[in-house]
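Asker: Listed in order, the protein sequences are those of chains A and B. All residue numbers for the first sequence refer to the UniProt record's numbering, where the first residue is 1 and numbers rise by one. All residue numbers for the second sequence refer to the UniProt record's numbering, where the first residue is 1 and numbers rise by one. Cβ coordinates follow ideal geometry from the N, Cα and C atoms, glycine included. On a predicted model such as this, the values are computed, not experimentally measured, just so you know.
There are 2 protein chains.
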Amino acid sequence: MSPLLSRGYLRAVLPWVRGARLSAGSRGASGGPGGARDSPAGASWLQGEVDRFGGVSVRLGALDRLDAAAFQRGLQAAIQRWRSEGRVAAWLHVPILQSRFIAPAAALGFCFHHAEADSSTLTLWLGPGPSRLPGYATHQVGVAGAVFDENTRKILVVQDRNKLKNMWKFPGGLSEPGEDIGDTAVREVFEETGVRSEFKSLLSVRQQHRHPGAFGKSDMYLICRLQPRSFAIQPCPHECLRCQWMDLAELARAADATPVTSRAARLLLYGHREGFDRVDLTVAQLPAAHTGSFYKLYHRALPDPYKTMAGVD
Amino acid sequence: MSPLLSRGYLRAVLPWVRGARLSAGSRGASGGPGGARDSPAGASWLQGEVDRFGGVSVRLGALDRLDAAAFQRGLQAAIQRWRSEGRVAAWLHVPILQSRFIAPAAALGFCFHHAEADSSTLTLWLGPGPSRLPGYATHQVGVAGAVFDENTRKILVVQDRNKLKNMWKFPGGLSEPGEDIGDTAVREVFEETGVRSEFKSLLSVRQQHRHPGAFGKSDMYLICRLQPRSFAIQPCPHECLRCQWMDLAELARAADATPVTSRAARLLLYGHREGFDRVDLTVAQLPAAHTGSFYKLYHRALPDPYKTMAGVD
Chain A
1 MSPLLSRGYL RAVLPWVRGA RLSAGSRGAS GGPGGARDSP AGASWLQGEV
51 DRFGGVSVRL GALDRLDAAA FQRGLQAAIQ RWRSEGRVAA WLHVPILQSR
101 FIAPAAALGF CFHHAEADSS TLTLWLGPGP SRLPGYATHQ VGVAGAVFDE
151 NTRKILVVQD RNKLKNMWKF PGGLSEPGED IGDTAVREVF EETGVRSEFK
201 SLLSVRQQHR HPGAFGKSDM YLICRLQPRS FAIQPCPHEC LRCQWMDLAE
251 LARAADATPV TSRAARLLLY GHREGFDRVD LTVAQLPAAH TGSFYKLYHR
301 ALPDPYKTMA GVD
Chain B
1 MSPLLSRGYL RAVLPWVRGA RLSAGSRGAS GGPGGARDSP AGASWLQGEV
51 DRFGGVSVRL GALDRLDAAA FQRGLQAAIQ RWRSEGRVAA WLHVPILQSR
101 FIAPAAALGF CFHHAEADSS TLTLWLGPGP SRLPGYATHQ VGVAGAVFDE
151 NTRKILVVQD RNKLKNMWKF PGGLSEPGED IGDTAVREVF EETGVRSEFK
201 SLLSVRQQHR HPGAFGKSDM YLICRLQPRS FAIQPCPHEC LRCQWMDLAE
251 LARAADATPV TSRAARLLLY GHREGFDRVD LTVAQLPAAH TGSFYKLYHR
301 ALPDPYKTMA GVD
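(1) Between B:Trp45 and B:Ala89, which are expected to be in contact by the criterion C-beta below 8 Å, what is the C-beta distance as a whole number of angstroms?
(2) Can you tell me whether B:Thr261 is helix, strand or coil according to DSSP?
(3) Excluding the five sequence neighbours on either side, which residues of its own chain have a C-beta within less than 7 Å of the C-beta of B:Thr261, listed in chain order?
(4) What is the DSSP secondary structure of B:Leu269, reduced to helix, strand or coil?
(5) Can you list, in chain order, the residues of its chain whose CB lies under 6 Å from that of A:Gly127, leaving out five sequence neighbours each side?
(6) Run through the DSSP bridge pairs and tell me what B:Met167 is partnered with.
(7) With H, G and I counted as helix, E and B as strand and the rest as coil, what does DSSP make of B:Phe276?
(8) Find the nearest neighbour of A:Gln227 within the set A:Cys243, A:Leu63, A:Gly55 and A:Asn151, judged by alpha-carbon distance.
(9) Among the residues of its own chain, which have a CB less than 7 Å from the CB of B:Leu241, if the five just before and after it don't count?
(10) So what's A:Arg73 in DSSP terms, helix, strand or just coil?
(11) Excluding five sequence neighbours on each side, which residues of the same chain lie with their C-beta closer than 8 Å to the C-beta of B:Phe249?
(12) Going by C-alpha to C-alpha distance, which of B:Gln80, B:Glu198 and B:His93 sits closest to B:Val58?
(13) Classify A:Gly233 as helix, strand or coil using the three-state DSSP reduction.
(14) Is any beta-carbon of chain A found at less than 8 Å from that of B:Asp183?
(15) Taking C-beta to C-beta, are B:Leu297 and B:Leu286 nearer than 8 Å?
(16) Could you pull the start and end residues of the alpha helix (DSSP H) that A:Ala106 belongs to?
(17) Establish whether the CB of A:Leu286 and some CB of chain B are separated by less than 8 Å.
(18) If we count Cβ pairs, one from each stretch, closer than 8 Å, do we get three or more for the region 136-147 of chain B versus the region 183-191 of chain B?
(19) Against chain B, does A:Asp242 count as a neighbour if the rule is that its beta carbon must be under 8 Å from one of theirs?
(20) For B:Arg210, which residues in chain A fall below 7 Å Cβ to Cβ?
(21) In angstroms with no decimal places, state the Cα-to-Cα distance between B:Leu108 and B:Trp82.
(22) If distances are taken between C-alpha atoms only, which option among A:Ala106, A:Gly213 and A:Gln72 comes closest to B:Ala288?
(23) Can you pull out the residues from the region 207-232 of chain A whose beta carbon lies closer than 9 Å to at least one beta carbon of chain B?
(24) Can a CB atom of chain A be found closer than 8 Å to the CB of B:Pro259?
(25) From this set, A:Leu122, A:Ser230 and A:Ala310, which residue's C-alpha is nearest A:Ile155's C-alpha?
(26) Would you mind reading off the limits of the beta strand (DSSP E) that contains B:Leu124?
(27) Starting from the C-beta of A:Arg263, find all residues in its chain whose C-beta is less than 8 Å away, skip the five residues before and the five after it, and write them out in chain order.
(28) Helix, strand or coil, according to DSSP, for A:Lys307 in the structure here?
(29) Closest Cβ-Cβ distance between B:Arg37 and chain A: below 8 Å?
(30) Would you identify the three-state DSSP class for B:Pro130, choosing helix, strand or coil?
(31) Interface residues of chain B around A:Ile96 at Cβ under 8 Å?
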């Protein structure tokens with residue numbers, strides 16, 4: 001996928017996605033009848049707005065007096081106009097209660113780009129060759145917390161209640177939207193086991209495609225090393241069949257642990273014996289390109305001179 | 001989110017998502033008129049099928065003779081029946097050409113769970129308390145390739161054509177659906193620069209939320225260390241404003257490099273001088289829980305004795 005039409009393109013259309021600006025369609029709606037007029041040359045509610053990559057975005061308003069057939073005629077005229085103007089793509093943002101306009105748009109070649117809660121976004125590629133429009137989110141993110149107590153060498157493990165085959169694993173679950181990896185680990189561990197913990201490092205990243213637990217999308221599963229802040233187990237009755245503190249060496253040898261849990265346990269055993277600096281990815285917070293926001297970056301610990309390049313020849 | 005209704009739940013409803021099985025709705029459609037009959041007790045095209053978590057899934061067929069009002073009456077009756085039967089959730093899978101049924105469903109409380117290409121999925125939570133249904137994919141995955149030539153100590157860097165501010169960065173882009181991290185890095189490097197390379201290790205993971213380049217979703221950005229297999233640069237005119245081999249120490253000090261590129265360059269310099277084993281995450285392929293498939297797992301190199309636990313006390 002060409003970055004020209006991926007990240008960059010999305011930056012350009014984002015205002016529409018966020019609904020941060022009003023489109024012609026919305027103006028038509030707020031303007032009353034004008035929003036529902038069907039002028040063959042391209043209805044006012046389909047003027048849209050051109051982004052800096054040559055695509056056009058239309059956000060449909062409340063076109064209560066417009067029937068699907070009139071919409072389709074207007075959209076067909078608009079598509080012809082957009083093609084003649086050299087637009088490379090059309091984006092159609094449809095409030096869920098206006099979804100009667102989706103099938104007519106699909107009949108003209110539009111397909112779903114994504115939908116969430118109360119609106120959907122459709123796209124039509126108008127440029128040369130195959131579509132170069134970027135896709136939507138492709139991965140869910142799951143995080144597991146490996147809570148290890150260095151004093152007792154015990155690690156917190158669970159067996160899910162709703163699994164067909166009971167295997168030992170680390171407590172964990174899906175990240176909430178906007179939630180950092182470490183926060184998901186600490187939250188999920190507490191929700192499942194009642195144990196409070198603190199993020200220490202990222203240990204492992206797993207990528208799995210066509211995941212049955214992700215509507216066929218991909219799954220990114222991250223395992224964090226956590227330090228316990230409490231030890232009393234109060235397992236969630238909905239989630240946990242079994243939950244206990246297990247000797248780390250025992251888990252590393254256990255036959256009834258999932259392959260990724262077994263591998264992580266061996267990594268932790270190596271770290272416990274040789275030093276966790278051998279296995280840890282530390283976290284740093286860096287400023288994002290777009291002002292004001294920050295992101296978390298995980299990598300191997302970097303000696304201070306290299307961080308600043310002070311005294312490094 | 002409760003795993004009971006997240007990964008587990010999705011495993012149960014996946015057949016619907018994949019369309020691997022026919023629902024009553026589809027049978028109704030294939031059965032012709034029966035699919036369009038509107039019986040008050042709950043139309044045949046709304047029988048759906050119960051999953052093992054107490055939710056009901058309905059896949060709408062081609063209900064050409066059914067108008068939106070009749071659909072809404074039938075759906076309302078079905079919702080009452082599902083509630084009386086103690087169903088916790090309803091899933092409605094709607095082909096894009098049947099989207100006239102979306103607004104009537106929304107009027108009864110359904111909202112979009114997701115949509116892609118030619119179909120959408122709506123959900124209605126029927127259980128006690130707030131919805132515990134799992135969300136859809138939350139992250140896009142971008143991968144950058146840090147192609148470093150140990151012999152010349154030069155690294156491949158680019159400046160994007162469509163960036164408002166020109167900063168040196170590594171070539172990269174979004175993962176295609178189902179594509180492994182390392183494959184994305186090698187593909188994007190070749191598409192942007194014409195340089196062929198080979199995956200060596202994963203260096204860094206970045207998580208960024210409300211990403212302007214991800215329709216406001218989250219972004220997972222991974223940097224891979226690649227070894228060059230060719231050196232001639234043929235920059236993509238659409239994507240690259242500038243592309244060159246730059247001395248690694250120079251990039252590590254460059255003021256006009258993005259923060260994450262600068263940090264990765266310093267990590268690479270440290271690895272080049274002290275040994276890449278200090279900074280690399282190696283990759284292993286392990287069997288997935290569901291038979292037949294495999295996944296890639298990235299973590300610090302694990303000494304062989306710990307991999308097998310042979311001779312480890």
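Answerer: With the structure as the only source:
(1) B:Trp45 to B:Ala89, Cβ: 19 Å. No contact.
(2) helix
(3) Trp168, Lys169 and Phe170
(4) helix
(5) Val88
(6) None; B:Met167 has no bridge partner.
(7) helix
(8) A:Asn151
(9) Gln159, Asp160, Arg161 and Asn166
(10) helix
(11) It is Ala, not Phe, that sits at residue 249 of chain B in the sequence shown. Counting only Cβ-Cβ distances below 8 Å, and skipping sequence neighbours, we find Arg153 and Leu269.
(12) B:His93
(13) For the record, residue 233 of chain A in the displayed sequence is Ile; it is not Gly. Of the three classes helix, strand and coil, the one that applies to A:Ile233 here is coil, per DSSP.
(14) no
(15) yes
(16) The continuous alpha helix (DSSP H) containing A:Ala106 extends over residues Ile102 to Ala107.
(17) yes
(18) yes
(19) The sequence shown places Arg at residue 242 of chain A, rather than the Asp named in the question. Chain B contact via Cβ: absent.
(20) Gly178
(21) 14 Å
(22) A:Gly213
(23) Gln207, Gln208, His209, Arg210, His211, Pro212, Gly213, Ala214, Phe215, Gly216, Lys217, Ser218, Asp219, Met220, Tyr221, Leu222 and Ile223
(24) yes
(25) A:Ser230
(26) Ser119 to Trp125
(27) Ser204
(28) helix
(29) Confidence at B:Arg37 is low in this model, with a pLDDT of 40, below 50, so the placement of that residue is unreliable and no value is reported for it.
(30) coil
(31) Ile102, Ala103, Ala106, Cys111 and Phe112
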